[in-house]
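Undergrad: Numbering-wise (UniProt numbering), the sequence shown opens with residue 1 and increments by one.
There's a structure below that I have some questions on.
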Amino acid sequence: MRCRIYCCKSEPCLSALTSCKFKLKTLTCERTKQSHLYQHDDHFAGSAPDLRPQRSLEMKVAIRELVAKDVKLARIRNELVDSFMLSTRAVPALKQIQNLSTTTDEAK
1 MRCRIYCCKS
11 EPCLSALTSC
21 KFKLKTLTCE
31 RTKQSHLYQH
41 DDHFAGSAPD
51 LRPQRSLEMK
61 VAIRELVAKD
71 VKLARIRNEL
81 VDSFMLSTRA
91 VPALKQIQNL
101 STTTDEAK
């Protein structure tokens, strides 16, 4: 049997003031290649922060107006960059815009 112990190296846990005590232990049989996983303790940081850019109310209104005019999603995204002077990283993903456009279509 081969035993390996992995420690937590996630960003939220590393940025916390106290060290994370989460450990993952794997036992692997070298002959059959069968593995067993064991978790010890919990992560210090419960979940990772949401890194997606959030849409403001003005952005949502602009998206709804463009959806009403049947503008394509990529053009809506480019319009947001131009109108709100955003960097390409700060603009919502096409999937987020599509989700808002489908909820707008369902409301009609």
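Heads up, the beta-carbon is just placed ideally off N, CA and C, and yes, glycines get one too.
Which of helix, strand or coil does DSSP assign to Gln98?
TA: Counting from 1 along the sequence shown, the entry for residue 98 is found at position 98. It is helical.
Undergrad: Span of the alpha helix (DSSP H) holding Arg2?
TA: As a position in the sequence shown, residue 2 is number 2, starting the count at 1. No alpha helix (DSSP H) contains Arg2, which is instead part of the beta strand (DSSP E) from Arg2 to Cys7.
Undergrad: How is Leu73 classed by DSSP in three states: helix, strand or coil?
TA: The sequence position of residue 73 within the sequence shown is 73, counting from 1. In the structure shown, Leu73 sits in a helix (DSSP, three-state: H, G or I).
Undergrad: So, Met59 versus Leu27, is the Cβ gap smaller than 8 Å?
TA: By one-based count along the sequence shown, residue 59 stands at place 59. By one-based count along the sequence shown, residue 27 stands at place 27. Not in contact: Met59 and Leu27 (Cβ atoms no closer than 8 Å).
Undergrad: How is Leu86 classed by DSSP in three states: helix, strand or coil?
TA: Sequence index remark: in the sequence shown, residue 86 carries index 86 (1-based). Leu86: coil per DSSP, three-state reduction.
Undergrad: Which residue wins for smallest C-alpha separation from Asp74, given the options Ile5, Ser56 and Ser101?
TA: Looking up residue 74 in the sequence shown gives position 74. The question names Asp, but residue 74 in the sequence shown is Ala. Minimum Cα distance to Ala74 is reached at Ser101.
Undergrad: What would DSSP say about Leu80, mapped onto helix, strand or coil?
TA: For this step, residue 80 is matched to residue 80 along the sequence shown. It is helical.
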